[in-house]
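Have a look at the structure below before the remarks.
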DNA sequence: GACGGAAATTGAACTGAACTCAGGTTGATC
DNA sequence: GATCAACCTGAGTTCAGTTCAATTTCCGTC
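Chains as they are written, first to last, in full-length UniProt numbering: chain X, 1 to 207; chain Y, 1 to 207.
Quick look at the structure:
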């Protein structure tokens with residue numbers, strides 16, 4: 001069924017994880033386009049060409065970061081909602097879970113949502129395309145997560161009947177729109193954002 | 001006060017408008033990164049180098065498109081809301097206005113919101129930086145448009161008191177999140193989207 | 001403790017798209 | 001029909017991403 005990409009099992013001296021971490025920092029702070037691939041190499045402490053042992057291209061690395069973040073988001077959603085029967089409470093839990101993130105994950109979110117458009121068109125190389133397809137699947141999974149939650153609420157009569165797909169996409173859109181502007185160093189603490197959005201989402205789907 | 005960039009007055013044989021139009025088509029359909037600057041030239045019917053008579057760089061062209069779109073959005077908001085005293089009705093009118101767009105404007109919206117991150121960091125060249133600064137100002141203007149609308153409603157007692165800035169950003173985020181996925185050729189008509197989002201926004205800010 | 005082989009790394013060379021430069025055309029105005 | 005600015009071009013430069021051919025490192029095995 002859901003065929004997760006097998007993470008290349010890390011040999012003991014693999015720098016894959018280090019590269020991903022460095023790339024997240026660079027891409028998240030400086031932006032993907034503006035950071036030189038060679039800078040990532042420097043930060044890890046290897047030559048530029050060594051990067052190609054782990055990733056087919058700069059974009060392949062980006063797509064991998066995006067896929068991993070999507071996987072995390074989906075897992076977190078599932079974990080937060082699976083034991084909650086009341087739809088409103090489940091919705092609240094899902095929103096809160098979406099904002100329970102480390103600073104590093106904030107960067108990953110920013111990277112992910114700033115490059116969503118990459119997932120629409122096909123890629124030329126094999127491994128890039130594999131990551132892209134997998135990421136697209138995960139996007140649809142996450143969308144279904146939210147939609148299903150709403151459908152459940154509607155069929156239980158807790159939420160008024162509306163186009164669940166459209167409303168689900170909207171709720172999700174509202175939640176992730178935060179990653180455009182939120183900065184850990186900024187004036188608004190994430191807890192405050194979380195609280196306001198949680199309320200907004202509940203009102204959106206409720207009467 | 002608000003110093004609009006003076007649009008270079010078009011000489012009779014200027015191709016600036018044609019370049020902008022072609023660029024919107026290319027960037028909107030193929031994405032900015034993936035479209036070759038020379039393709040835009042071809043589509044207009046000039047050599048690549050002629051582009052540099054009108055724009056300092058590919059990015060300068062992109063920033064111009066973004067600024068123009070922001071200007072349009074702000075003007076449309078103002079026009080739609082200026083004569084409406086009731087805050088709820090004004091909010092409804094503003095949302096509807098946001099979705100009263102041509103197919104070409106849909107592309108501009110997509111381009112704008114896919115490259116918002118460009119506006120955060122400074123640019124190296126003069127004219128790029130000028131466009132960037134102006135665009136940033138317009139972003140803040142638009143944010144203030146929505147926030148002020150909420151503040152008015154709150155002070156009139158129509159909307160419950162909440163962090164207007166945060167809520168304004170959220171409403172705006174919800175509205176523009178649509179441009180990520182909406183396609184004129186897709187299954188969902190924009191009118192339907194507009195209606196659902198209008199309701200969602202009203203519920204978000206209301207009791 | 002030499003040996004084979006996979007994983008990891010490298011310097012030098014290549015590519016292609018954005019951009020520069022130095023000059024050439026066009027056409028409105030006097 | 002001279003002038004001047006707007007407009008355009010072909011030939012070359014740059015630079016980040018990428019490829020290539022070859023080497024080093026490390027681990028298990030004989």
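Each residue gets a CB set at the ideal place from its N, CA and C atoms; glycine is no exception.
Keep in mind the model is a prediction, meaning the values are calculated, not measured.
Query, Result
"What are the boundary residues of the alpha helix (DSSP H) that includes residue 172/Y?", "164-181"
"Kindly indicate the opening and closing residues of the alpha helix (DSSP H) around residue 62/Y.", "58-81"
"Do we get a CB-CB distance below 8 Å when we pair residue 193/X with the residues of chain Y?", "yes"
"So, under 8 Å CB-CB, residue 94/X and residue 149/X are touching, yes? Tell me the CB distance rounded to an integer number of Å.", "7 Å"
"Please list, in chain order, all residues of the same chain as residue 228/X whose beta carbon is under 6 Å from its beta carbon, the five residues on each side excluded.", "Given that chain X is displayed from residue 1 to residue 207, the structure contains no residue 228/X and the question cannot be resolved."
"Could you tell me whether the region 194-202 of chain Y touches the region 154-172 of chain X, using the rule of 3 or more Cβ pairs below 8 Å?", "yes"
"Only counting the same chain, and skipping five residues up and downstream in sequence, which positions put a Cβ closer than 7 Å to that of residue 206/Y?", "159"
"Strictly below 7 Å CB to CB, what residues from chain X border residue 117/Y?", "31, 114"
"DSSP three-state call for residue 207/Y: helix, strand or coil?", "coil"
"Can we count residue 60/X as close to the ligand ZN, meaning its CB is less than 7 Å from some heavy atom?", "Because no ligand of any kind appears in the structure shown, any question about the ligand ZN cannot be addressed here."
"Counting only C-beta atoms, is residue 46/Y closer than 8 Å to chain X at any point?", "no"
"Here's a check: name, in chain order, each residue in its chain whose Cβ is nearer than 6 Å to the Cβ of residue 66/X, leaving out the five neighbours to either side.", "112, 135"
"Would you please verify whether the beta carbon of residue 170/Y is less than 8 Å from any beta carbon of chain X?", "yes"
"Consult DSSP for residue 34/Y and reduce its assignment to one of helix, strand or coil.", "coil"
"Please return the same chain residues whose Cβ sits closer than 8 Å to the Cβ of residue 60/Y, not counting the five positions on each side in sequence.", "125, 127, 128, 131"
"Please state whether the Cβ-Cβ distance between residue 203/Y and residue 183/X is less than 8 Å.", "no"
"Using C-beta distances below 7 Å, list every residue in its chain close to residue 90/X, excluding the 5 sequence neighbours before and after it, in chain order.", "81, 84, 149"
"Residue range of the alpha helix (DSSP H) that residue 54/X falls in?", "51-54"
"Does the distance from the CB of residue 37/X to the CB of residue 15/X come in under 8 Å?", "no"
"Among 88/Y, 181/Y, 79/Y, 119/Y, whose alpha-carbon lies nearest the alpha-carbon of residue 100/Y?", "79/Y"
"Three or more beta-carbon pairs under 8 Å between the region 40-57 of chain Y and the region 13-29 of chain Y, yes or no?", "yes"
"Does the distance from the CB of residue 176/Y to the CB of residue 77/Y come in under 8 Å?", "no"
"In this structure, does DSSP put residue 153/Y in helix, strand or coil?", "helix"
"Please go through the same chain and pick out, in chain order, the residues whose beta-carbon is closer than 6 Å to the beta-carbon of residue 153/Y, but skip the five residues on each side of it.", "87, 159"
"Between residue 137/Y and residue 8/Y, what straight-line distance do the alpha-carbon atoms span, to the nearest angstrom?", "20 Å"
"Please list, in chain order, all residues of the same chain as residue 32/X whose beta carbon is under 6 Å from its beta carbon, the five residues on each side excluded.", "62"
"Name the chain X residues whose beta carbon is nearer than 8 Å to that of residue 197/Y?", "170"
"By DSSP, does residue 159/Y sit in helix, in strand, or in coil?", "coil"
"Identify the contact partners of residue 37/X in chain Y, using a Cβ-Cβ distance below 7 Å as the criterion.", "Correct list: empty, because the minimum Cβ distance to chain Y is about 15 Å."
"Relative to chain X, which residues along the region 176-187 of chain Y have a C-beta separation below 8 Å, given in chain order?", "176, 177, 178, 180, 181"
"Using a Cβ cut-off of 7 Å, pull out every chain X residue sitting near residue 204/Y, in sequence order please.", "200, 203, 204"
"Taking all protein chains shown into account, do 16 or more other C-beta atoms lie within 10 angstroms of the C-beta of residue 220/X, making it buried, or fewer, making it exposed?", "The structure shown does not extend to residue 220/X, since chain X is modelled only from 1 to 207, so the question has no answer here."
"Beta-carbon of residue 173/Y versus every beta-carbon of chain X: anything under 8 Å?", "yes"
"Please confirm whether residue 167/Y has its beta-carbon closer than 8 Å to some beta-carbon of chain X.", "yes"
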